[in-house]
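As structure tokens, the structure follows; a few thoughts come after it.
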Amino acid sequence: MDVFMKERRARTRIVPAVLLLWVFSGGGAQAAAPSVPMFGSYFPSWLLSVAAAVLLTVVLRILFVATGLENILRWRGAMYLSLVAGIAALIELTVF
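For reference, each letter of the sequence shown is one residue, going 998 to 1093 in our numbering.
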């Protein structure tokens, strides 16, 4: 009986959090995909965000090499990929 109560208590904590996440996640919905006019054509904003994130990650890598930090990093490929994804998401959310 005690295990059942713990499971039920955990479920009662998760359900409101999931409902709040579901309600607030639709707030930024748009009718069309965000695009930016450049050179007479429309580019998706996420593409520009990823391009800027790659450039910023290259700059960060140069800084890491210059400071000697890259020598102590593990899983460099995964770290740089995560940096690109995080920076791209940050740019997408703040700029567009």
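Quick reminder that beta carbons are idealized off the backbone N, C-alpha and C, glycines included. Predicted model only: the values in this text are computed from it and were never measured.
Original post:
Is it true that the CB of residue 1050 sits closer than 9 Å to the CB of residue 1082?
Top reply: yes
Original post:
Three or more beta-carbon pairs under 8 Å between the stretch 1032-1041 and the stretch 1068-1082, yes or no?
Top reply: no
Subject >> Euclidean distance between Cα positions of residue 1092 and residue 1068 >> reply: 33 Å
Subject >> Other residues of its chain near residue 1045: CB distance less than 7 Å, five sequence neighbours each side excluded >> reply: 1033
Original post:
So, are the CB atoms of residue 1095 and residue 1053 less than 9 Å apart?
Top reply: The structure shown does not extend to residue 1095, since the chain spans only 998 to 1093, so no value can be given for it.
Original post:
Does the Cβ of residue 1011 have 16 or more other Cβ atoms within 10 Å, making it buried, or fewer, making it exposed?
Top reply: exposed
**OP:** Please name the residue in 1063, 1058, 1062 whose C-alpha comes closest to that of residue 1079.
**Re:** 1058
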